[in-house]
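**Q** In case it helps, the numbering used here puts the sequence shown at residues 1 to 130. Cβ atoms here follow ideal geometry from the backbone N, Cα and C, with glycine treated the same way. Bear in mind that the values here come from a model prediction, so they are computed numbers and not experimental data. Before anything else, here's the structure in question.
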Amino acid sequence: MAADIERLLTAYVEAQLNVRAVAELPADLSTPVNLPIIHIEEVPGPGWSIPTVEVCDVDVDVYQVGRQASRELAEQARALVMGMAGLVFEDRLTVVSKVETARKPTLLPYDDSEIRRMGGSYRFHLHSRA
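Structure below.
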């Protein structure tokens, strides 16, 4: 059974960084109550390599007012994600075997000139016990 990497990762990142993490962005990020926010989204990738191992590519985008604040939070998220090897998620069925950086956090386009979007991409190797 495939792990719901977005659900597992948003809960973990939010708990560890004490910043709202979501798989679905709110419609209006310009409302101050919505920032900072971390958007976690699985993107197309290789999928299963063998029946109990799944490889997932995930984008982790930080939205924050100010370039430096956005970069700092993106680097905190990167450090957290890169340290997840060996982690057993709360579902007790999914273990992170390895995490690789596919793209380090960089400034990405966003329509609002006040809000900065800093995003990185990571490849998760997951082992399922189910």
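Below 9 angstroms between beta carbons: does that hold for R71 and P105?
**A** yes
**Q** Throw me the rounded Cβ distance for the F89 and L8 pair, which I believe falls under 8 angstroms.
**A** Contact holds; Cβ gap of about 5 angstroms.
**Q** By Cβ distance, which residues of its chain are closer than 6 angstroms to R117, with the 5 residues on each side in sequence left out?
**A** D61, Y63, L108 and Y110
**Q** Starting from R117 and walking both ways along the beta strand (DSSP E), at which residues does that stretch end?
**A** I115 to S128
**Q** Report the rounded CA-to-CA distance for P32 versus P51, giving the unit in angstroms.
**A** 44 angstroms
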